Amino acid sequence: MRKIIAIPLGDVAGIGPEIVVKSLNDREIYDTCKPLVIGHSIPLQKAMKVSGVALEINRIDNPEEGLYRHGTVDLIELDCPGIENIEFGKIQKEAGLFAYSFIERSVELALHNKVSALATTPINKEALKAAGIPYIGHTEMLADLCGVSNPLTMFQVKNLRVFFFTRHLSLLEAIKSIKEKELYEHITMDIKALQSLGIEKPKLAVAALNPHAGEHGLFGREEMEEIEPAVKKAQEQGLNVVGPVPADSVFYKALQGEYDAVLSLYHDQGHIATKMVDFERTISLTLGLPFLRTSVDHGTAFDIAGKGIATSTSMEEAIRLAAAYASVYKYDLLSSG
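Numbering that gives the first Met the number 0 puts the first residue of the sequence shown at 0, with every later residue one more than the last.
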């Protein structure tokens, strides 16, 4: 039972269309799912030309009309006046508007159970801003479109899963935000998120903040005063969580299967760990939405857009991961309680 995975085309001035056509040129993608592109044929045709890919575009109005076979790109084409004038590698407000419309339609399909998950391509924050779209990225956009207040971000690469307690904060602000109550709440949500992905009895490790987990206050007191109490409270509630585990070992242990996931305390702590395992295959998942969303973890790459040299590895992994989790994802586990 292959699931339909919606692929919004993203900012068409970037590499999104190129990595989509290259991914859909891989026969194995069609063995795992039914990929459905939401966008427009013109950027797809341009991408095929520069990438040396020849696929037939099958325009459809509804997902159930798709052929979903290798050699054909099933496309729900939106009205995009002037899309033929979009230039590669430039910030353009029209591209921002189109990118938002692709995502909006994909979300609509997902909320009506017409598609099982989204695998998103890169968007550009500056293009969104130029278009007057009031979001800094996919997560905020998806949350608002779905009426969800606080979705979770998880990275996965191979056997390593990483959650983020903080993301886009300065290191100083991230440290200040580490408080027992909020950390405990995040731990409980992370456990639920893992269960929503079909892991019935997950084991979570909380990464330490300071060297050697603070060495009982020698290198900082955050572990003693905030992190350890949060972990202890979670354990008292019956959750299988350990920590703080020194950050120089916890990610390796998780990769080896000792933990199902790690809670990273700040942006780069988790990003460095996952991307050193395999930069191109590190995939971002947004959990806590009524549907699963995966994404490449790279940007629009305007510097190489239109050159046909962008690798599609991350896009292929995003599609495969969306397909793998779509059949087990349980939103109700995250939306309850």
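Glycine included, C-beta positions come from ideal geometry on N, C-alpha and C.
Note that this is a predicted model, so its numbers are computed, not measured.
A buried status is given to L159, since no fewer than 16 other beta-carbon atoms sit within 10 Å of its beta-carbon. Contact annotation: F301 and K48 have beta-carbon atoms that are not nearer than 8 Å. About 15 Å separates the beta carbons of A233 and E222, which is beyond the 8 Å limit, so they are not a contact pair. L264 is not a Cβ neighbour of P150, given a cutoff of 8 Å. Under the three-state reduction of DSSP output, E86 falls in the coil class, being neither helix nor strand. Scanning its chain for C-beta atoms nearer than 6 Å, with the 5 sequence neighbours on each side dropped, one finds around I41 the residues I82, E83, in chain order. Under the DSSP definition of a beta bridge, Q155 partners with R160, I282.
Under the three-state reduction of DSSP, D78 is assigned to coil, being neither helix nor strand.
Taking a C-beta distance under 8 Å as the contact criterion, V205 and V156 do not qualify as a contact pair. In the three-state DSSP reduction, G38 falls in the strand class (E or B). Close CB contacts of Y29 within its chain, under the 7 Å cut and outside five residues either way in sequence, are with Y67, R68, H69 (chain order).
Across the set I59, V11, Q91, the C-alpha of I59 shows the shortest separation from the C-alpha of T71.
Annotation: P16 to L108 spans about 20 Å, alpha carbon to alpha carbon. Per DSSP, reduced to three states, the secondary structure at R58 is strand. Bounds of any alpha helix (DSSP H) do not take in P7; it lies within the beta strand (DSSP E) bounded by 2-7. Put simply, the backbone Cα of V36 is about 19 Å away from that of Y324.
Fully contained in the stretch 232-271 are the following beta strand (DSSP E) runs of length 3 or more, in chain order: 240-244, 260-263. Counting C-beta atoms within 10 angstroms of its own C-beta, N123 has 16 or more neighbours from the protein chains shown and is therefore classed as buried.
Residues K191, Q194, S195 of the same chain have their beta carbon placed closer than 6 Å to that of L332, with the five preceding and five following residues left out of the count. Nearest in C-alpha terms to T281, of all of P289, L288, T293, is T293.
G219 sits close to L208, with the two beta carbons spaced by under 8 Å.
Beta-carbon to beta-carbon, I85 and A94 are separated by about 5 Å, close enough to satisfy the 8 Å threshold. Comparing C-alpha distances from A322 to each of T310, S334, L284 shows the shortest one belongs to L284. Taking all protein chains shown into account, D189 has 16 or more neighbouring C-beta atoms within 10 Å of its C-beta and is therefore buried.
In the DSSP secondary-structure assignment, S294 is bridged to T119, S283. Under the DSSP assignment, A98 falls outside any beta strand (DSSP E), being part of the alpha helix (DSSP H) whose first and last residues are 92-110. Distances from the CA of A246 to each of E235, N239, T273, A229 were compared; the closest alpha carbon is that of T273. The beta carbon of H297 sits closer than 7 Å to the beta carbons of P121, S313 from its chain, once the five residues preceding and following it are set aside; these are given in chain order. Counting C-beta atoms within 10 angstroms of its own C-beta, Y328 has 16 or more neighbours from the protein chains shown and is therefore classed as buried. Taking C-beta atoms as the reference points, S22 and E279 fail to come closer than 8 Å.
A206: member of the beta strand (DSSP E) spanning 203-206, first to last residue. Taking the Cβ atoms as the reference, K113 lies roughly 14 Å from P34, outside the contact range of under 8 Å.
According to the DSSP secondary-structure assignment, K306 is paired through a beta bridge with no residue. Nearest neighbour of V106 by Cα position, chosen from K128, L144, M0, I271, turns out to be L144.
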